[in-house]
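Chemist:
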Amino acid sequence: MPAPWPEAAEESEAKRPRVSTSPARRRECRRSIQSAGGLSWSSADLALAATLLETPHARFPTVAFNCQEEKRRVFTLVYDVLRYKSILNQALDDLYFFVRYPHLKERCHLVWLLFFDLYKRDFTLRDPLEPEVEVAFARQGLHEVDETLWQLRVKLAATVSRLRIKSGAHSLSKLLPRHLRITRSALEENIVTGWVNIFRTSMNDTSYSLQNMGIIPLSRERELLEPSTYKTDHLLPRFLHIMPSLREDLVESTLVKDNHIIMQERTFCLGPAVVAQLIKDYALSGKVAQTHVNSPITMAYFANLL
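Under the UniProt record's numbering, the sequence shown has 304 at position 304, and the numbering climbs by one with no breaks.
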């Protein structure tokens, strides 16, 4: 059994890292905490991710998302945590973490989650939690794990550095097996995909709104998107590929919030586009009934094409 660590003297407030709680500073901080897909997450997202990680075998986890962007952030965060869990575990094992805190062994998923978040924050203090997030943290039992990791932040940071230096890696991502590495460039991570909801707007109005935001159509001579450009899909009707200068500017715009552009991955739109084209090719008419609806958004895209 490893010897117990001496109790650290309580830190004075002067020694603690100061983080401004202004809205502008909070947004800037959250943008720096990014996942593999270039998405930033908040403390509220952490609470939702904890729910998913605590119910890994549930077919329909009881998590209610406010929007598709929040859902994407949370699922991407969970994916990142599971990608890095072997490295996180190695760092924890080097400190005999679960030997010293055996009661947290059964909640290892939450330890990985908050350790990963702490690493992405560069081991600095988190902004104060908003009241509803505070309740969610308490309900999930995250405070104990969070405080335990915070007390060990110096040792954890040193252990992570040793792992990187030992392997000559500039970041933890270089320690991942090749099949778990994300090879997309930073520019590609900023691309937003989605379709134009003609029940709310038109292609021309959407194009006009995008150009008002400084996002112009990609020149026909070019194939790859550049910052502040967009293009239509060569196969999917009314489907857009957009590269804003900053992802949040588009996600938080009225175009998305008012459902003029519905954000969705291209893969989920291929099926509806094929079926809609077959209906037109065979000149079929009448009512269309769809069964086994797994994605309301995919069904909405199908309805837009009919």
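Ideal placement from N, C-alpha and C gives every residue a C-beta, glycine not left out. No experiment lies behind these values; they were computed from the predicted model shown.
#1: Expressed to the nearest angstrom, what Euclidean distance is found between the alpha-carbon atoms of Q68 and T193?
#2: State the Cα-Cα distance for the pair Y230 and K257, rounded to the nearest angstrom.
#3: Of the residues L246, V274, I215, which one's Cα is nearest the Cα of L235?
#4: Quick one: what's Y230 bridged to in DSSP?
#5: Looking at C-beta atoms only, is the number of pairs between the region 280 to 300 and the region 205 to 217 that lie closer than 8 Å three or more?
#6: Check whether the Cβ atoms of L82 and L110 sit closer than 9 Å, and answer yes or no.
#7: Can you give the beta carbon distance from F123 to L88, rounded, assuming they're within the 8 Å contact cut?
#8: Looking only at DSSP bridge pairs, what is M263 linked to?
#9: So for S161, helix, strand or coil by DSSP?
#10: Between the region 129 to 144 and the region 39 to 48, are three or more C-beta pairs nearer than 8 Å?
#11: Tell me whether D93 is buried or exposed, calling it buried when 16 or more other Cβ atoms sit within 10 Å of its Cβ.
#12: Does R25 pass the burial test, meaning 16 or more other C-beta atoms within 10 Å, or should it be called exposed?
#13: DSSP has S207 in a bridge; who is on the other side?
#14: Excluding the 5 residues preceding and the 5 following F97 in the sequence, name in chain order all residues of the same chain whose CB lies nearer than 7 Å to its CB.
#15: Beta-carbon separation of L240 and T206 under 9 Å?
Modeler: Reading it off the structure:
#1: Your numbering for residue 68 matches position 68 in the sequence shown. Your numbering for residue 193 matches position 193 in the sequence shown. When rounded, the distance between both Cα atoms is 12 Å.
#2: Within the sequence shown, numbered from 1, the residue matching residue 230 stands at position 230. Within the sequence shown, numbered from 1, the residue matching residue 257 stands at position 257. For Y230 and K257, the distance between alpha carbons rounds to 19 Å.
#3: Your numbering for residue 235 matches position 235 in the sequence shown. If we check each option's Cα against that of L235, V274 comes out closest.
#4: Within the sequence shown, the letter at position 230 stands for residue 230. In DSSP, Y230 forms a bridge with P217, I242.
#5: Judged by Cβ distances under 8 Å, the region 280 to 300 makes no contact with the region 205 to 217, as fewer than three pairs qualify.
#6: As a working note, residue 82 is residue 82 in the sequence shown. As a working note, residue 110 is residue 110 in the sequence shown. No; because the gap between Cβ atoms is not below 9 Å, this pair is not in contact.
#7: As a first step, residue 123 must be located in the sequence shown, where it is residue number 123. As a first step, residue 88 must be located in the sequence shown, where it is residue number 88. Going by Cβ atoms, the distance from F123 to L88 rounds to 14 Å, so no, they are not a contact pair.
#8: The residue labelled residue 263 in the question sits at position 263 within the sequence shown. Per the DSSP secondary-structure output, M263 pairs in a beta bridge with G194.
#9: As a first step, residue 161 is located in the sequence shown; it is residue number 161 there, counting from the start. Three-state result, S161: helix.
#10: yes
#11: By 1-based counting over the sequence shown, the position of residue 93 is 93. D93 is exposed by the Cβ-count criterion.
#12: Counting from one through the sequence shown, the residue named residue 25 turns up at place 25. Low local confidence applies: a pLDDT of 43 at R25 is under 50, so the model's placement there is unreliable, and no value is given.
#13: For the purposes of this step, residue 207 is taken as residue 207 along the sequence shown, with counting starting at 1. Per DSSP, none; premise fails for S207.
#14: Start at 1 with the first residue of the sequence shown, and residue 97 comes out as number 97. Same-chain partners within the cutoff: there are none.
#15: Here residue 240 refers to the residue found at position 240 when the sequence shown is read from its first residue. Here residue 206 refers to the residue found at position 206 when the sequence shown is read from its first residue. Yes, these two residues count as a Cβ contact at 9 Å.
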